[in-house]
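If you read the sequences in order, they're chains A and B.
All letters in the first sequence, in the order written, are residues 182 to 401 by our numbering.
All letters in the second sequence, in the order written, are residues 182 to 401 by our numbering.
The beta carbon of each residue, even a glycine, is placed where N, CA and C say it ideally should be.
2 protein chains.
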Amino acid sequence: MVRRPGRRPGKQHTRETILAAARETFAECGYDGATIRQIATSAGVDPALVHHYFGTKEQLFTATVQPPVDIAEVFPKLFEGELDTFAERLLTMFMSIWDHPVSGPAFEALLRNALTNRISARLIREFFTVQIQRRAVARLAGLIDPAEARLRATLVASQLFGLAVVRYVLKFEPLASASRETVIATVGPTIQRYLTGDIKRPDLAEKARPSGQTGPGGQA
Amino acid sequence: MVRRPGRRPGKQHTRETILAAARETFAECGYDGATIRQIATSAGVDPALVHHYFGTKEQLFTATVQPPVDIAEVFPKLFEGELDTFAERLLTMFMSIWDHPVSGPAFEALLRNALTNRISARLIREFFTVQIQRRAVARLAGLIDPAEARLRATLVASQLFGLAVVRYVLKFEPLASASRETVIATVGPTIQRYLTGDIKRPDLAEKARPSGQTGPGGQA
Numbered sequence: 182m183v184r185r186p187g188r189r190p191g192k193q194h195t196r197e198t199i200l201a202a203a204r205e206t207f208a209e210c211g212y213d214g215a216t217i218r219q220i221a222t223s224a225g226v227d228p229a230l231v232h233h234y235f236g237t238k239e240q241l242f243t244a245t246v247q248p249p250v251d252i253a254e255v256f257p258k259l260f261e262g263e264l265d266t267f268a269e270r271l272l273t274m275f276m277s278i279w280d281h282p283v284s285g286p287a288f289e290a291l292l293r294n295a296l297t298n299r300i301s302a303r304l305i306r307e308f309f310t311v312q313i314q315r316r317a318v319a320r321l322a323g324l325i326d327p328a329e330a331r332l333r334a335t336l337v338a339s340q341l342f343g344l345a346v347v348r349y350v351l352k353f354e355p356l357a358s359a360s361r362e363t364v365i366a367t368v369g370p371t372i373q374r375y376l377t378g379d380i381k382r383p384d385l386a387e388k389a390r391p392s393g394q395t396g397p398g399g400q401a
Numbered sequence: 182m183v184r185r186p187g188r189r190p191g192k193q194h195t196r197e198t199i200l201a202a203a204r205e206t207f208a209e210c211g212y213d214g215a216t217i218r219q220i221a222t223s224a225g226v227d228p229a230l231v232h233h234y235f236g237t238k239e240q241l242f243t244a245t246v247q248p249p250v251d252i253a254e255v256f257p258k259l260f261e262g263e264l265d266t267f268a269e270r271l272l273t274m275f276m277s278i279w280d281h282p283v284s285g286p287a288f289e290a291l292l293r294n295a296l297t298n299r300i301s302a303r304l305i306r307e308f309f310t311v312q313i314q315r316r317a318v319a320r321l322a323g324l325i326d327p328a329e330a331r332l333r334a335t336l337v338a339s340q341l342f343g344l345a346v347v348r349y350v351l352k353f354e355p356l357a358s359a360s361r362e363t364v365i366a367t368v369g370p371t372i373q374r375y376l377t378g379d380i381k382r383p384d385l386a387e388k389a390r391p392s393g394q395t396g397p398g399g400q401a
């Protein structure tokens, strides 16, 4: 970065410096391990300035990932209604995001960055773990063992990422131009089974852990 | 490219020129549309030289994609044995490729290129259509309607790409470190259903086509 002498860095520059420091810190230490103080030190600013620009630690974290939708807003909507029609709501929302002229390209850029940039990959993984998987585990508490719920969430993610790659990015036919109804009819049962259906787990028996070890907020 | 004056371009240079012309031509015209003559003209060489360096059109096409495994070799193995244990064989092979110190990184590079480079994306799509989907449709002939078999092949691809992204590239836990047995037990039934199970297709009824229109070699 080249600073012109005699000119103080502007707001935009400060914002970007904080964001770059936050990306590195979150990628390095994880969401739970990173602190605002640490990020402020790394950016060479006062912690109060970080809060001023980005709000809470969670908001700053979200700013480093820039997800195409507000997870805190859409997540409760997905869990409105019966759990056994979850897949249809999830797929409908997922396809709406991809078909949208703004959030579609944003989602594609996110995926592309995640696959080509090591820091972006770590941030996405952390975002998934903290913002999506934990929420899913909390929602399924009482219904599904937390350790199993964590696996189920990654299985759902695997089918969604694959749908994104094959239908929207690589455009394999006929899935690329299939109707939403066809996607829901074909992929829906996969998502539903991953979430609430029978998934045999031979290794759960092998390395069974005390359930207290992996709570909804656990990092296992 | 900088050529030293007075020095004739070497074999390696000619090979690369042909390969670059082939990539562009296959991406532009598709596998069926592209001809060796056209590629030779674009590369400024004699068609015989293209055959000399790369063999058949199919071999040249494979050279442009550089798949981590020889599809012509592995495909028949997947279809050895009962069709209802296909998913286990496919997933075992898929995970072996990813876990291999040479083919794993090659597969990851292929995926990364496909998502970041427009020509690579088209080549992968073409490769999937010609080398994988057509083989699957031919293998399933008599069992499954060709139009439906094409959709089934893309659904299988969607789960495999998603598994690649989530388990191997982004490494979402606990799927990233799950045993192969767990992956087969959880993802296997998805693959198996996509290939041979019940998939409802509301739009097949809508736009039913005469089955002759999309044969095993069809490009629909």
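When C-beta distances to chain B are compared with 8 angstroms, the residues of the region 286-304 of chain A below that value are Leu292, Arg293, Ala295, Leu296, Thr297 and Ala302, in chain order.
DSSP places Ile325/B outside both helix and strand once states are collapsed to three, so it counts as coil.
Not a single CB atom of chain B sits nearer than 8 angstroms to the CB of Phe308/A. Gln247/B has a beta carbon lying at 8 angstroms or more from every beta carbon in chain A. Ile313/B has its alpha-carbon roughly 28 angstroms from the corresponding atom of Leu230/B. Nearest to Ala317/B by alpha-carbon distance, out of Val346/B, Phe260/B and Ile278/B, is Phe260/B.
Taking the Cβ atoms as the reference, Pro355/B lies roughly 6 angstroms from Arg331/A, within the contact range of under 8 angstroms. Along the region 366-379 of chain B, going in chain order, the ones with a CB nearer than 8 angstroms to a CB of chain A are Ala366, Thr367, Val368, Pro370, Thr371, Arg374 and Tyr375. Proximity of chain B to Ser223/A at the Cβ level (cut-off 8 angstroms) is not reached, the minimal Cβ distance being about 25 angstroms.
Excluding the 5 residues flanking it on each side, Ala202/A has same chain C-beta neighbours closer than 7 angstroms at Ile220, Ser223 and Ala224, in chain order.
Cα atoms of Val364/A and Leu241/A: separation of roughly 35 angstroms, rounded to the nearest angstrom.
Fully enclosed alpha helix (DSSP H) runs of no fewer than 4 residues occupy 217-224, 228-235, 238-246 and 252-259 of the region 215-276 of chain B, in order along the chain.
Residues of the region 312-344 of chain B with a C-beta less than 9 angstroms from any C-beta of chain A: Gln314, Ala328, Arg331, Leu332, Arg333, Ala334, Thr335, Leu336, Ala338, Ser339, Gln340, Leu341, Phe342, Gly343 and Leu344, listed in chain order. With respect to chain A, the C-beta atom of Pro228/B has no partner C-beta closer than 8 angstroms. The Cβ-Cβ distance between Val368/B and Leu272/B falls below 8 angstroms.
Of all alpha-carbon atoms in Met274/A, Asp227/A, Ala334/A and Thr243/A, the one lying nearest the alpha-carbon of Arg361/A is that of Met274/A. Collapsing the DSSP output to three states places Ser360/B in coil. When Thr310/B, His233/B, Phe267/B and Arg293/B are compared, the shortest CA-CA separation from Ala208/B is found for Thr310/B. Contacts between Arg348/B and chain A, judged by CB atoms closer than 9 angstroms, involve Thr335 and Ser339 in chain order. Close partners of Leu356/B in chain A (Cβ separation under 7 angstroms): Leu332, Thr335, Leu336 and Ser339. In the displayed model, His281/B falls within coil according to three-state DSSP, outside both helix and strand. For the 8 angstroms CB-CB criterion, Ile372/A and Gln340/A form a contact. Where Ile300/A is concerned, the enclosing alpha helix (DSSP H) starts and stops at Arg299 to Phe308.
Separation of Pro370/A and Ser277/A (C-alpha to C-alpha, rounded to the nearest whole angstrom) is 19 angstroms. With respect to the C-alpha of Asn298/B, the residue from Pro286/A, Leu351/A, Phe256/A and Ala302/A having the closest C-alpha is Leu351/A. By the Cβ neighbour-count rule, Glu254/A is exposed, with fewer than 16 other Cβ atoms within 10 Å of its own. In this structure, the alpha-carbon of Pro327/B lies about 18 angstroms from that of Phe256/B. Contact of Ala359/A with chain B is assigned, a C-beta pair being separated by under 8 angstroms.
Any Cβ of chain B closer than 8 angstroms to the Cβ of Phe353/A would place that residue at the interface, and such an atom is present. Cα atoms of Glu239/A and Arg218/B: separation of roughly 59 angstroms, rounded to the nearest angstrom. Around the Cβ of Ser301/B, a 10 Å sphere holds 16 or more other Cβ atoms; the residue is buried. In this structure, Tyr234/A and Arg204/A do not form a Cβ contact; the two beta carbons are roughly 14 angstroms apart against a cut-off of 8 angstroms. Residues of the region 190-217 of chain B with a Cβ closer than 9 angstroms to any Cβ of chain A: none.
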